[in-house]
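In terms of the numbering used here, the sequence shown opens at residue 41 and continues consecutively. For every residue, glycine included, the Cβ atom is placed at its ideal position computed from N, Cα and C.
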Amino acid sequence: MYKGGPSYTPQAAKAIRYAGLIVPIILIAYGFYIRAGNADNLHYFGDIPFYAISFWWLFIGIMQFIDHSKSKRDSALRLIGYHLLAAGYLLFVAGVATPFVAFWILLLLASNIYFSRSGVNLSILTFLIVAGVDIYFWRSVPIIIEYDLITIVAIVLSGLVTLSISKSQEVDHAELLLSKRQETMQRDRVLTIVNNLADAILSTDKEGIVTVYNASSLILLDTNDDLDGRHIDDLLQLVDKEGKSVSLFDQLKTTKAAVSRDDLNYTYKDGETIRLAVTYSPIRSSYSRTKKAETHDGYIVIMRDITKSKSLEEERDEFISVVSHELRTPITIVEGTISNVQVMMSHPDHTKQMLSDAIDMAHEQIIYLAKMVNDLSTLSRAERGVADAPEDIDVREMIHKLHEEYDKEATAKGLHFNLDLGATLGHVSTSRLYLEEMLQNFITNAIKYTKTGTVTLSVKQKLGVIKFAVKDSGIGISKSDQGKIYQKFYRSEDYRTRETSGTGLGLYVAAKLAHKVGTKIELVSRLNHGSTFSFTLPVKK
41 MYKGGPSYTP QAAKAIRYAG LIVPIILIAY GFYIRAGNAD NLHYFGDIPF
91 YAISFWWLFI GIMQFIDHSK SKRDSALRLI GYHLLAAGYL LFVAGVATPF
141 VAFWILLLLA SNIYFSRSGV NLSILTFLIV AGVDIYFWRS VPIIIEYDLI
191 TIVAIVLSGL VTLSISKSQE VDHAELLLSK RQETMQRDRV LTIVNNLADA
241 ILSTDKEGIV TVYNASSLIL LDTNDDLDGR HIDDLLQLVD KEGKSVSLFD
291 QLKTTKAAVS RDDLNYTYKD GETIRLAVTY SPIRSSYSRT KKAETHDGYI
341 VIMRDITKSK SLEEERDEFI SVVSHELRTP ITIVEGTISN VQVMMSHPDH
391 TKQMLSDAID MAHEQIIYLA KMVNDLSTLS RAERGVADAP EDIDVREMIH
441 KLHEEYDKEA TAKGLHFNLD LGATLGHVST SRLYLEEMLQ NFITNAIKYT
491 KTGTVTLSVK QKLGVIKFAV KDSGIGISKS DQGKIYQKFY RSEDYRTRET
541 SGTGLGLYVA AKLAHKVGTK IELVSRLNHG STFSFTLPVK K
């Protein structure tokens, strides 16, 4: 856009430059024609004015043709020069009524382009002054006055038309600027919305070259590089769930409508692989929709990392499958046992011992089910944060209650349940439910997997932390199993483990709860020499 007036195209600027050079040449040639006496030379004042005007006209014409300056000052100086030289030409060479006075209209147009209506008004005023001087000088020649007046009317009418066009252009220009501002605001608003979306969005042209992308795209691709001009397949090397390479651009070229896939994987440079949900479709313009054309303006790709959600979905399916399997066996045993009891009760020849054994078996399975339900309930509450609120817990009081609760069970199995408490324990601030559940899991496992010997609950304070430990003299845990015992539903293949019932959830729940209370379970164990599970919590000050 040139400074000082309405904008115009490079083609218009080129036309003005050529006209500024060619028109003076034509008028100078006509001046020589007048000088030779081939046309009316009444206004010809001699060679010196003519040559001076010709020299400066050519000089300005050549300079403005070579110099493409767009400043308002340079444009004003050139226009003033052209007007002064044109005025001199009309007064001292050809006269106001010359046929080539029509070229003054070009000065009107140039003034309008560079300086709008004010430029046109000044150009008309300059011409009126020139014509007035000519009329005054030749006032004794009526025919010249008549021709000058006709020329004045023609130029003034041309000026009025130019002013009318200028006003219309200014209105159109203002509307265009307003439309551009509104379009820019709308585009910025859309880009702001797109950049604040959590999903990665890429837009490409028909050849798959990225033209638009949002901030989430950089986050998803883990890069700060500019994506403009990059091919979509260079950015995204995708594979499907079977490990086969997938060209996203080939998928884009064949699609006619929106397509969604959640089976594509993307691998980062460090080897980490994520699962992507990808939706892509062609971008159809409003013209294409109106004309029902098959053309489109490129493609849009929307991506989201679904690694975590897919993992949770797979874990949920596995969890439901395992729980269903784990529940089926005890429920079948209970159902069969109760049916047998019903049959036995209808036959008086069955002894009470047989009935008692059957009921004990059913009771054992019910306890197993209750334990599983309790573990699942605790796990659910922990994951939902239902019992996260910390409490001020008197450690000594809580430990004595746990010892009292499980001492009978240990004694019934012929075990010694010992307490090893420090002189000073103090208090901790944490979830009572989570802390008790962790210790209960360790104690019940110690009693369950220890046939003879002792189970020791040790609690001691040192350097501002309290260490809780449950030690047993049981079967111990092999090195290979120690890395798996915190997995959901995992139970060792050791035959001695299989001799007792268990849900495989106890240590999994304990590990989850330890994470919730901000600690970590430590395990020291040797096969056939027992195990020690421990963790620490800070003393409440």
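Item, Value
"Threonine 494: beta carbon under 7 Å from a heavy atom of the ligand PLP?", "Among the ligands in the structure shown, none appear at all, so the ligand PLP cannot be discussed."
"Report the rounded CA-to-CA distance for tryptophan 178 versus isoleucine 184, giving the unit in angstroms.", "7 Å"
"Is DSSP giving glutamine 527 helix, strand or coil here?", "coil"
"Taking the CB atoms as reference points, tell me whether isoleucine 175 and valine 133 lie closer together than 8 Å.", "no"
"Compare the C-alpha of leucine 567 against each of Lys581, Arg227, Phe575, Ser520 and name the closest.", "Ser520"
"Between glycine 514 and serine 571, which are expected to be in contact by the criterion C-beta below 8 Å, what is the C-beta distance as a whole number of angstroms?", "7 Å"
"Going by DSSP, what residue range makes up the beta strand (DSSP E) through glutamine 501?", "494-502"
"Between methionine 478 and leucine 553, which are expected to be in contact by the criterion C-beta below 8 Å, what is the C-beta distance as a whole number of angstroms?", "5 Å"
"So what does DSSP say about threonine 576, is it helix, strand or coil?", "strand"
"Which value, in whole angstroms, describes the spacing of the CA atoms of glutamate 404 and alanine 509?", "28 Å"
"From proline 322 to serine 219, what distance separates their C-alpha atoms?", "27 Å"
"Within this structure, are the beta carbons of tyrosine 526 and leucine 547 separated by less than 8 Å?", "yes"
"Answer yes if the stretch 132-147 comes into contact with the stretch 155-174, meaning at least three C-beta pairs across the two stretches below 8 Å, and no otherwise.", "yes"
"Give the DSSP-derived three-state secondary structure of histidine 271 in the structure shown.", "strand"
"What's the C-alpha gap between leucine 304 and valine 279?", "6 Å"
"Ordered along the chain, which non-local residues of its own chain (more than five positions away) have a Cβ less than 6 Å from that of isoleucine 68?", "Ser94"
"Indicate whether the contact test is met: 3 or more Cβ pairs, each with one atom in the stretch 311-322 and one in the stretch 340-353, closer than 8 Å.", "yes"
"With a threshold of 16 other CB atoms inside 10 Å of the CB of leucine 130, please say whether the residue is buried or exposed.", "buried"
"Considering only C-alpha positions, which residue in the set Ala92, Leu200, Ala137 is nearest to serine 156?", "Leu200"
"Are the beta-carbon atoms belonging to alanine 171 and isoleucine 192 less than 8 Å from one another?", "yes"
"Determine the direct distance from the alpha carbon of glutamine 51 to that of threonine 330, and round the result to whole angstroms.", "Summary for threonine 330: the model assigns pLDDT 48, below 50, so the residue's position carries little reliability, and this model does not support an answer."
"Give the secondary structure of histidine 213 by DSSP, where H, G and I count as helix, E and B as strand, and everything else as coil.", "helix"
"Would a C-beta distance cut-off of 8 Å place valine 495 and leucine 455 closer than the cut-off?", "yes"
"The alpha helix (DSSP H) that contains asparagine 161, what's its start and end?", "144-177"
"Cα separation between lysine 54 and leucine 275?", "43 Å"
"Span of the beta strand (DSSP E) holding phenylalanine 508?", "505-512"
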